[in-house]
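Comments concern the structure below.
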Amino acid sequence: MNYFQGKYKIVKKLKLNDTVYDFTLSCKEITDIALAGQFVHIAVDGFSLRRPISICEINREKGWLRIVFEVRGKGTEALSKLCEGDLMDVIGPLGKGFDLLKPGKKCIAIGGGIGTPPMLEVAKHYGANCTVISGFRTGSIAILQEDFADTGAKTILCTDDGSAGRKGFVTEALEECLNSEKPDIICACGPMPMLKAIVELAKNAGIRTQVSLEQRMACGVGACLVCACRCVKDGEEFMAHVCKDGPVFEAEEVVF
Amino acid sequence: MADMKVNFAGVEFKNPVVAASGTYGYGREYEALYPLSKLGGISVKGTTLHKRDGNPAPRVAETPSGMLNSVGLQNGGVDKFINCEIPNLLTKNIAIIANIAGATVEECAEVAAKLNGTGVHMIELNISCPNVKQGGAAFGTSCENASAVTRAVRNATDLPLMVKLSPNVTDIASIAKAVEAEGADAVSLINTLLGMRIDINSRRPILKNNVGGLSGAAVFPIAVRMVWQVANAVKIPVMGMGGITTWEDGIEMMLAGASAIQVGAAIFKNPFAPVEIADGMNEWLDKNGIKCVSEIVGRVKPW
Numbered sequence: 001m002n003y004f005q006g007k008y009k010i011v012k013k014l015k016l017n018d019t020v021y022d023f024t025l026s027c028k029e030i031t032d033i034a035l036a037g038q039f040v041h042i043a044v045d046g047f048s049l050r051r052p053i054s055i056c057e058i059n060r061e062k063g064w065l066r067i068v069f070e071v072r073g074k075g076t077e078a079l080s081k082l083c084e085g086d087l088m089d090v091i092g093p094l095g096k097g098f099d100l101l102k103p104g105k106k107c108i109a110i111g112g113g114i115g116t117p118p119m120l121e122v123a124k125h126y127g128a129n130c131t132v133i134s135g136f137r138t139g140s141i142a143i144l145q146e147d148f149a150d151t152g153a154k155t156i157l158c159t160d161d162g163s164a165g166r167k168g169f170v171t172e173a174l175e176e177c178l179n180s181e182k183p184d185i186i187c188a189c190g191p192m193p194m195l196k197a198i199v200e201l202a203k204n205a206g207i208r209t210q211v212s213l214e215q216r217m218a219c220g221v222g223a224c225l226v227c228a229c230r231c232v233k234d235g236e237e238f239m240a241h242v243c244k245d246g247p248v249f250e251a252e253e254v255v256f
Numbered sequence: 001m002a003d004m005k006v007n008f009a010g011v012e013f014k015n016p017v018v019a020a021s022g023t024y025g026y027g028r029e030y031e032a033l034y035p036l037s038k039l040g041g042i043s044v045k046g047t048t049l050h051k052r053d054g055n056p057a058p059r060v061a062e063t064p065s066g067m068l069n070s071v072g073l074q075n076g077g078v079d080k081f082i083n084c085e086i087p088n089l090l091t092k093n094i095a096i097i098a099n100i101a102g103a104t105v106e107e108c109a110e111v112a113a114k115l116n117g118t119g120v121h122m123i124e125l126n127i128s129c130p131n132v133k134q135g136g137a138a139f140g141t142s143c144e145n146a147s148a149v150t151r152a153v154r155n156a157t158d159l160p161l162m163v164k165l166s167p168n169v170t171d172i173a174s175i176a177k178a179v180e181a182e183g184a185d186a187v188s189l190i191n192t193l194l195g196m197r198i199d200i201n202s203r204r205p206i207l208k209n210n211v212g213g214l215s216g217a218a219v220f221p222i223a224v225r226m227v228w229q230v231a232n233a234v235k236i237p238v239m240g241m242g243g244i245t246t247w248e249d250g251i252e253m254m255l256a257g258a259s260a261i262q263v264g265a266a267i268f269k270n271p272f273a274p275v276e277i278a279d280g281m282n283e284w285l286d287k288n289g290i291k292c293v294s295e296i297v298g299r300v301k302p303w
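Residue numbers (the numbering used here), protein chains in the order written: chain A, 1 to 256; chain B, 1 to 303.
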């Protein structure tokens, strides 16, 4: 395991909607080794625990790392107040990312809400061989749609209320996709009920699926064992840890 | 540079800073940042006779200047520790403290017996885990139970034996005296304080276990007070812990009576904390013309 801890400069800050922020950090040592689906662990002044945030985009040429996060509580709110030029205390890259198959293979990448950011690196890898399905409660909080389109991927936007894209859940769009053409792999990140439904559909269609999970963390590196998630391998159930064994897991190994 | 070496209950520590059990695994995860040899010692993840899954997640909740955890002693069992972790730790030039726990007195003794001759330098008997239903804090909250488990483990091991005490008691000094009388070579304190947080919107406790152990800077003053009380009550050395976050905290804990210290929750925000604490203490000793860190142990001047 190889990672760094350091204070890195924020080179770009955007506000994507009322609660979602888009930060780009200059941290070449991290981008050199970061992989799609990994995360970084960010310290916030005045708070005793770091915040795990998934990596949205890796620009190796510039050494830029992009993270997109939602303000969920006081810690992420304090984080959102940082400005361009400020330093961010980051540990990363951490965890196990998505398995990226050889070019030419086909992928469906699915993100729900704030689970969409880690799908950008997946879409960049597969390009036109990727279909990105993203789901949001409503159109005003939809994020990253242009970024996904720029990768050459086919994009399908779903909203619960139909205010943007098509009305309905990502699972309905996935079902239609699976009926027309089967991908080699499905990658998904989002709320547990959504992941569970996706995994069920994928299983019936016989398609390998990887899911990115979320759990409250402390160390972020696999030492403290707080971020437990029940998994099964060779018929035996055990407690894995989201920070080190994940956040990306083979869907068949997760006990939902 | 001051002499940071500490002889603690017969075990040599190259400096008095030890990574606390449960916060540092077996050290592997932190080697990406610095060599383990920078630490005085490591108290490994609590080890039981058999593999334990621990409690369901969430197992952590942030609190003002601290955190609650309810891991529940997840570990691979003592045989796995002996076969897969000790050989690696023995190459790291660091004092190895095997933290052990059990649901019964007999289980604790059996784990200790298995560690004889494995190369670990010291046993830390955990009689204070707040997150398990059997054993754990039940051993550490009465003098009778603390005595019984200490006696059984004492009879099972020739290694230096340190007993880790619970702060969730009325009189921690009496527990310390009880384990001293049964042949403990040292005590370590404090383990976590039992706490609880509730999500006011869902009305659910944040921890799936409902309650958990509080650690971090918030508990530091309690830890200093308890270390001071215990150090004044027993002749065996005290390893002080509980919320140590800065090098100043380390000095303060040793002035209170700790002969060595453990750093735990602080590592989560700052993985370099134990190293920075050891370096900072060393500089302070130099500035104050103190040649050896042991000279400050218990040197608080109470009113």
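We treat Cβ as the ideally placed atom computed from N, Cα and C, and that holds for glycine. Keep in mind it's a predicted model, so treat the numbers as computed, not measured.
Listed by position along chain B, the residues whose Cβ is nearer than 8 Å to that of S212 (chain A) form an empty set, because the closest Cβ is around 16 Å away.
Scanning chain B for C-beta atoms nearer than 7 Å to the C-beta of L49 (chain A) yields E62, M67, F268, K269, reported in chain order. A residue is called buried once 16 or more other Cβ atoms fall within 10 Å of its Cβ, and I200 (chain B), having fewer, is exposed. In summary, no residue of the segment 37-48 of chain B has a CB separated from any CB of chain A by less than 7 Å.
In the displayed model, W247 (chain B) falls within a helix according to three-state DSSP. Within the same chain, A95, H121, M122, P160 come within 7 Å of V11 (chain B) by CB-CB distance, once the 5 residues on both sides are set aside. Listed in chain order, the positions of the segment 216-238 of chain A with a beta carbon within less than 9 Å of a beta carbon of chain B are R216, M217, A218, C219, G220, V221, G222, A223, C224, L225, V226, C227, A228, C229, R230, E237, F238. Of all C-beta pairs linking the segment 3-10 of chain B to the segment 65-73 of chain B, fewer than three are shorter than 8 Å, placing the two stretches out of contact. Think of a sphere of 9 Å around the beta carbon of V71 (chain B): the chain A residues whose beta carbon falls inside it are C224, L225, V226, A228, in chain order.
Contact with chain A is found for T23 (chain B), since one of that chain's Cβ atoms lies less than 9 Å from the residue's Cβ. Proximity of the segment 47-59 of chain B to the segment 179-196 of chain B falls short of the contact definition, fewer than three beta-carbon pairs being nearer than 8 Å. Comparing C-alpha distances from Y126 (chain A) to each of A:R137, A:D160, A:K154 shows the shortest one belongs to A:K154. Within the same chain, and ignoring the five residues on either side of G168 (chain A) in sequence, the residues whose Cβ sits closer than 6 Å to its Cβ are C158. Counting only residues of its own chain and dropping the five nearest sequence neighbours on each side, D86 (chain A) has a CB closer than 6 Å to the CB of I10. For the pair R230 (chain A) and R299 (chain B), the Cα-to-Cα distance works out to about 49 Å. Shown here, L189 (chain B) sits in a strand according to DSSP, grouped into three states.
CA-to-CA, the gap between D53 (chain B) and N131 (chain B) works out to about 12 Å. Inside the segment 34-116 of chain B, DSSP marks whole beta strand (DSSP E) runs of 3 or more residues at positions 41-43, 60-63, 66-69, 95-100, from first to last along the chain. For K203 (chain A), no CB of chain B lies under 9 Å from its own CB, so it is not counted at the interface with that chain. The shortest C-alpha to C-alpha distance from C189 (chain A) to any of A:E181, A:K182, A:I198, A:P183 is the one to A:I198. For N2 (chain A), the chain B residues whose C-beta falls within less than 8 Å of its own C-beta are A32, listed in chain order.
Where K287 (chain B) is concerned, the enclosing alpha helix (DSSP H) starts and stops at 273-287.
Under the DSSP definition of a beta bridge, P52 (chain A) partners with A:H41.
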